[in-house]
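>
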Amino acid sequence: MDYALNGATYDSGVIIISAECYAKTSAKLLQELAMMKTDFGEAPFYLPISRALSHIIAEEPEVIFIGDVDTIIGELRLLDDQPWQDLDSVELLPKDVHGDKKLLDLMYTTDQPAVKPRKIKLQLQFSDPSIELRMLWRELVRFLNLSIGQKVCQEFGTYFTDESVKDSANSTTVVSIFLVNSHILPATKIEEIAASVKHTLETITMPEVLQRFANYLSLASYSANPHAAPDEDRLLREFGAILGSAGWKKIASVENLTKVLQATRITVKDSATKQIKTI
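What follows is the structure, encoded as structure tokens:
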């Protein structure tokens with residue numbers, strides 16, 4: 052609700068970050084983004100880098116060869132020292148289209164099948180006979196899962212792979228699947244993931260946040276700004292029904308958001324240990 056931030060890394064080595072601000076409070080943060088320095092962690096583990104490697108390895112179906120970690124860290128530090136460029140000022144990137152073969156040899160995908168990663172399942176469920184409340188809950192969960200999912204990926208080196216939604220006459224369930232590489236981060240416990248989910252949930256559901264979310268839905272307009280309104284195609288596929296602007300304005304209140312939030316049942320399941328934690 053405050054900003055949208057997207058990043059992509061391409062095979063040629065080009066990194067693109069795009070951002071949009073929807074609130075004045077986030078504008079300053081995004082302006083300072085280009086000046087922020089990367090936290091590589093401390094030797095010998097370089098925990099942030101280990102988490103990123105776990106994310107990459109869990110994503111790939113083949114084994115990834117990883118070269119000397121200290122060399123990789125050194126190259127990343129050199130990259131971090133390079134200034135970001137506004138795309139309007141760029142003539143050509145990368146200037147060396149052939150790349151550096153020595154860098155390419157530091158990490159690459161092999162033809163060997165990878166070990167099956169651990170699967171972490173995050174399930175959120177809400178039960179109520181009112182389809183309007185279930186659709187309101189779904190929009191809230193879509194917002195919540197963006198922050199929860201990013202935190203789980205960042206903190207535990209997981210890779211988000213899938214989300215599914217199932218609606219019945221009285222209940223809606225949203226399931227998110229994360230993959231984690233057990234060799235790089237073997238000590239990750241289901242209790243730690245559950246605690247992180249709970250903390251993130253509590254942080255992003257403060258009354259002022261719920262009020263802004265209620266305002267966003269109440270002001271949604273499919274004629275004036277259809278791209279900012281809840282996706283009607285997705286809602287029809289998930290519920291077989293939609294709420295128009297008048298419907299969102301009627302149902303979107305802090306009282307209703309608090310009601311559906313308090314009735315939400317959250318579970319985290321580890322496929323490797325079969326452990327289940329309820330939040």
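Mapping of the sequence shown onto our numbering: residues 52 to 330, in sequence order. Each residue gets a CB set at the ideal place from its N, CA and C atoms; glycine is no exception.
Within 8 Å, do at least three Cβ pairs link the region 165 to 179 to the region 61 to 70?
Not touching, per the Cβ criterion.
> Start and end of the alpha helix (DSSP H) containing Thr122?
Segment Val120 to Asp132, the alpha helix (DSSP H) holding Thr122.
> May I have the straight-line CA-CA distance separating Trp135 from Pro99, to the nearest angstrom?
Roughly 21 Å between the two C-alpha positions.
> Okay, do the region 197 to 214 and the region 295 to 304 touch, 3+ Cβ pairs below 8 Å being the bar?
Taking 8 Å as the limit for Cβ pairs, the verdict is that the region 295 to 304 does not touch the region 197 to 214.
> Compute the distance between the beta-carbons of Phe337 and Ile182, then report whether it is under 8 Å.
A query on residue 337 cannot be resolved here, the shown segment of the chain reaching from 52 to 330 and no further.
> Let me confirm a value: Ser105 is counted as buried when at least 16 other C-beta atoms fall within 10 Å, else exposed. Which label applies?
Looking at its Cβ environment, which holds 16 or more other Cβ atoms inside 10 Å, Ser105 is buried.
> Which stretch, first to last residue, makes up the alpha helix (DSSP H) that contains Gln262?
It spans Pro258 to Ser269 - the alpha helix (DSSP H) in which Gln262 sits, taken as one unbroken run.
> With DSSP as the reference, label Phe194 as helix, strand or coil.
In the structure shown, Phe194 sits in a helix (DSSP, three-state: H, G or I).
> Pull up the DSSP beta-bridge partners for Arg285, would you.
Paired residue(s): none; Arg285 is not in a bridge.
> Looking only at DSSP bridge pairs, what is Pro168 linked to?
According to DSSP, which records beta bridges pairwise, Pro168 is partnered with nothing at all.
> CB Val225 to CB Val192, shorter than 8 Å?
Yes, these two residues count as a Cβ contact at 8 Å.
> Considering only residues of the same chain and omitting the five flanking positions on each side of Pro112, which have a CB-CB separation below 8 Å?
Pro164 and Ala165.
> Flag this pair as yes or no: are the beta carbons of Thr160 and Ile115 separated by less than 8 Å?
The answer is yes: Cβ separation under 8 Å.
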